[in-house]
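Notes for the one structure printed next.
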Amino acid sequence: MIDHYGTTNPAEFFATATEAFFEKPRQLKKKRPELYEELRSYYKQDPVTWHGSRHY
């Protein structure tokens with residue numbers, strides 16, 4: 180879910196986690212539910228609920 184580059188430092192982790200949050204929200208929520216909830220709270224958005232989302 181979070182690629183190797185995302186583990187190189189905190190800024191890259193945040194960037195790759197954000198990318199997963201918006202591009203693959205269901206997958207992130209399933210594999211890293213705590214991280215998903217933190218990002219949902221931070222961004223005040225819940226992309227899993229967006230109508231028409233095709234991401235799994």
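End of the sequence shown = 235 in my numbering, gap-free, step of one. Glycine included, every Cβ here is placed at the ideal spot set by N, Cα and C.
Which of helix, strand or coil does DSSP assign to residue i?
i: Q224; result: coil
i: T186; result: helix
Starting from residue i, trace the alpha helix (DSSP H) both ways and give me its first and last residue.
i: K209; result: P204 to K210
Starting from the C-beta of residue i, find all residues in its chain whose C-beta is less than 7 Å away, skip the five residues before and the five after it, and write them out in chain order.
i: V227; result: P204, R205 and K208
Less than 9 Å separating the beta-carbons of residue i and residue j?
i: Y215; j: F201; result: no
Can you find the residues in the same chain that come closer than 6 Å, C-beta to C-beta, to residue i, ignoring five residues on each side of it along the sequence?
i: R219; result: D225
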